[in-house]
């Protein structure tokens with residue numbers, strides 16, 4: 007635009023000469039360009055080589071970037087696995103550290119089954135009941151822990167052994183204080199209802215009486231009269247003792263009623279009636295074997 011404005015200011019001769027001047031100037035520039043090209047040929051060549059090298063490097067970098075992009079997903083997955091394992095290791099470390107800090111308490115907990123078994127075998131029933139109560143509370147509070155469940159299982163097994171031990175005691179020659187202790191422990195075990203406890207008591211004490219009767223009946227060195235005397239003595243004394251023990255033990259649960267046959271569902275009445283009937287039958291059989299009055 008500036009050239010056109012300056013061209014308008016030229017005279018006729020200058021304007022007529024302008025095409026030749028421009029042609030000469032173009033020729034001059036062309037020669038200078040050719041001269042520069044010849045003089046800087048090596049630079050142009052190196053520039054071309056450099057451009058080609060850069061293009062090749064860029065293409066190679068592009069391929070590498072594509073490969074890296076393809077591996078990013080696997081890298082992310084591997085990082086996620088490493089993170090997960092790191093969290094698990096940290097959790098295990100915290101658990102180990104907590105276990106180390108609670109070492110003494112854990113030892114005491116692990117000793118519960120052994121202490122329970124020792125207490126039962128040595129008839130330390132009070133201590134055994136306390137250990138059973140402790141294990142039960144632990145199992146209710148931490149039921150999801152396998153170790154606690156295993157301890158509770160062992161304690162339950164010891165409780166069953168203790169129950170069998172107590173029932174065997176009732177089948178032996180024990181006095182009222184021991185009977186009170188046995189029934190008290192059985193009540194605290196909470197395995198039987200009150201009615202079931204009464205039935206177990208009578209069944210076990212009946213087994214004790216029956217074993218005494220079997221010894222007399224099986225003793226063939228005794229005469230018929232002697233056998234009958236011993237049978238009647240055993241039935242009289244044992245029946246009196248069992249009834250007395252039963253009334254003393256279960257008196258608080260009879261609610262002061264004098265008629266035991268109604269208070270306990272007739273258990274004591276039925277047992278006593280069966281025992282007296284059995285004794286009557288034995289006496290009837292024994293009387294038939296007595297041949298002389300001296301016997």
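In my numbering, the protein residues as written are 7 to 301. Glycine included, each C-beta is placed from N, C-alpha and C at the ideal position. As the structure is a prediction and not an experimental result, all values here were calculated from the model.
**Message:** Which residue marks the beginning of the alpha helix (DSSP H) containing residue 295, and which one marks its end?
**Reply:** Residue 295 -> no alpha helix (DSSP H), and no H or E assigned at all.
**Message:** Less than 7 Å between the C-beta atoms of residue 219 and residue 189, yes or no?
**Reply:** For residue 219 and residue 189, no; Cβs fall outside 7 Å.
**Request:** Within the same chain, show all residues whose beta-carbon is closer than 6 Å to that of residue 295, passing over the 5 residues directly before and after it, in chain order.
**Result:** 230, listed in sequence order.
**Request:** Could you have a look at residue 32 and say whether DSSP puts it in helix, strand or coil?
**Result:** Three-state DSSP puts residue 32 in a helix.
**Prompt:** Which of the three DSSP states, helix, strand or coil, is assigned to residue 262?
**Reply:** Below a pLDDT of 50, predicted positions are generally treated as unreliable, and residue 262, at 44, falls in that range; the measurement from the model is reported next regardless. Residue 262 sits in coil when the DSSP states are folded into three classes, being neither helix nor strand.
**Request:** Go ahead and pull the three-state DSSP assignment for residue 18.
**Result:** Helix.
**Prompt:** Applying the criterion that 16 or more other CB atoms from any shown protein chain within 10 Å of the CB defines a buried residue, is residue 138 buried or exposed?
**Reply:** Residue environment for residue 138: buried (at least 16 other C-beta atoms within 10 angstroms of its C-beta).
**Message:** Buried or exposed, going by whether 16 or more other CB atoms sit within 10 Å of the CB of residue 244?
**Reply:** Using a 10 angstroms sphere on the CB of residue 244, the tally of other CB atoms reaches 16 or more, which defines it as buried.
**Prompt:** CA-CA distance, residue 54 and residue 61?
**Reply:** Straight across, the Cα-Cα distance linking residue 54 with residue 61 is about 10 Å.
**Prompt:** Mind checking residue 52: buried by the 16 CB within 10 Å criterion, or exposed?
**Reply:** It is exposed - the Cβ of residue 52 has fewer than 16 other Cβ atoms within 10 Å.
**Asked** Taking the continuous alpha helix (DSSP H) assigned at residue 252, which residues delimit it?
**Response** Residue 252 -> alpha helix (DSSP H) spans 230 to 256.
**Message:** Tell me which residue opens and which closes the alpha helix (DSSP H) that residue 197 is part of.
**Reply:** Looking at the DSSP string, residue 197 is not in any alpha helix (DSSP H), and its letter there is neither H nor E.
**Prompt:** Distance, Cα to Cα, residue 205 vs residue 182?
**Reply:** For residue 205 and residue 182, the distance between alpha carbons rounds to 17 Å.
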